[in-house]
Each structure stands twice: as structure tokens, then as C-alpha cells.
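Taking it in order: structure first as C-alpha cells, then the write-up.
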Amino acid sequence: MSDKQLNVFDEVIEVCCTNPITGFYRDGFCHTDEFDRGMHVVCAKVTNDFLNFSKSRGNDLSTPRPDLNFPGLKEGDSWCLCAERWKEAYESGFAPKIFLKKTNKKALKIIDFAILKEFALDLS
147 MSDKQLNVFD EVIEVCCTNP ITGFYRDGFC HTDEFDRGMH VVCAKVTNDF LNFSKSRGND
207 LSTPRPDLNF PGLKEGDSWC LCAERWKEAY ESGFAPKIFL KKTNKKALKI IDFAILKEFA
267 LDLS
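When we follow the working numbering, the leftmost residue of the sequence shown carries the number 147, and every step to the right adds one.
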């Protein structure tokens with residue numbers, strides 16, 4: 147894994163969240179590499195609607211899983227989501243807002259930049 151991964155603006159990616167600690171590598175960043183099969187690259191501010199949607203698709207992000215170093219999420223938490231799951235939520239009307247400066251450039255392989263911009267919390 148490269149230490150200098152880029153965000154969707156081709157800038158060094160910013161930390162997504164450290165409380166709870168997020169990222170495939172639990173380093174606070176939406177870093178990815180060949181071991182991250184889910185591509186946890188979209189830094190999102192989760193909502194109850196999204197959490198319920200994800201649970202209905204078999205991925206319960208609300209229930210703590212200490213064995214996986216996973217605290218369980220609540221509305222308002224920031225978290226590195228799988229690009230495919232975010233896209234699925236978008237297509238179903240449940241996509242949470244995101245932070246583009248904290249979202250890995252590799253998300254663009256799955257999600258169009260124009261769509262990501264519609265959900266950005268960090269554009270002025």
C-alpha cells in the first residue's frame with residue numbers, strides 16, 4: 147500500500163475519521179490496495195437510512211463487532227464505505243453525503259465524478 151494515495155482531486159488523501167477509526171486498514175484513511183476486495187474508498191457521513199439499507203443488503207454496520215475491531219456505526223459517523231455499496235445505495239435512493247477530499251481516487255473506477263460531486267459535503 148502506498149503511503150501517498152490520492153483523493154478524487156489528485157491531491158494527497160485526507161483522513162476520513164479516527165473516532166471511530168475507519169478504513170480497511172483501520173488507519174483513519176480510505177486507503178486501499180489489492181487486499182481490499184471491497185474497495186473501502188468512499189468517505190461518507192452515514193445516515194440511519196443508509197445503515198438500514200446496508201443491513202437489508204446483508205451488511206450490518208450498526209452492530210459492534212469487537213472481533214473485527216468494528217465499533218458499530220450510528221448516524222453522523224464518518225466511515226470508509228465500499229464503492230459498490232455506496233453506488234448501490236445511490237441507485238436505490240439511500241446514498242449518504244460524502245467528503246471528496248477524503249475519498250480515494252479509486253472510487254472513480256466505480257462511481258462517476260459528477261455523481262460524487264452531488265453528494266459532497268466539502269465543496270464550497
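Where a beta carbon is used, it is the ideal one built from N, C-alpha and C, also for glycine.
Note that this is a predicted model, so its numbers are computed, not measured.
When you compare only the Cα positions, how much space is there between residue i and residue j?
{"i": "SER208", "j": "LEU197", "result": "7 Å"}
{"i": "ALA241", "j": "PHE181", "result": "25 Å"}
{"i": "GLY204", "j": "HIS177", "result": "24 Å"}
{"i": "ARG231", "j": "GLY222", "result": "18 Å"}
{"i": "LEU214", "j": "SER202", "result": "20 Å"}
Compare the C-alpha of residue i against each of the options and name the closest.
{"i": "PHE170", "options": "GLU157, ASN194 and THR249", "result": "THR249"}
{"i": "VAL154", "options": "THR193, ALA229 and GLY184", "result": "ALA229"}
{"i": "ALA190", "options": "GLY218, PHE175 and LEU227", "result": "LEU227"}
Taking 8 Å as the cut-off, is the beta-carbon of residue i closer than that to any non-hydrogen atom of the ligand FAD?
{"i": "PHE216", "result": "Although the ligand FAD was asked about, the structure shown includes no ligands whatsoever."}
Name the DSSP beta bridge partners of residue i, please?
{"i": "THR164", "result": "ILE167"}
Q) Can at least three beta-carbon pairs, one atom from the segment 245–263 and one from the segment 198–217, be found at a separation below 8 Å? A) Per the Cβ contact rule, the segment 245–263 is not in contact with the segment 198–217 (fewer than 3 Cβ pairs under 8 Å).
**Q.** alpha helix (DSSP H) runs wholly inside the segment 212–253, at least 4 long, in chain order
**A.** 229–238
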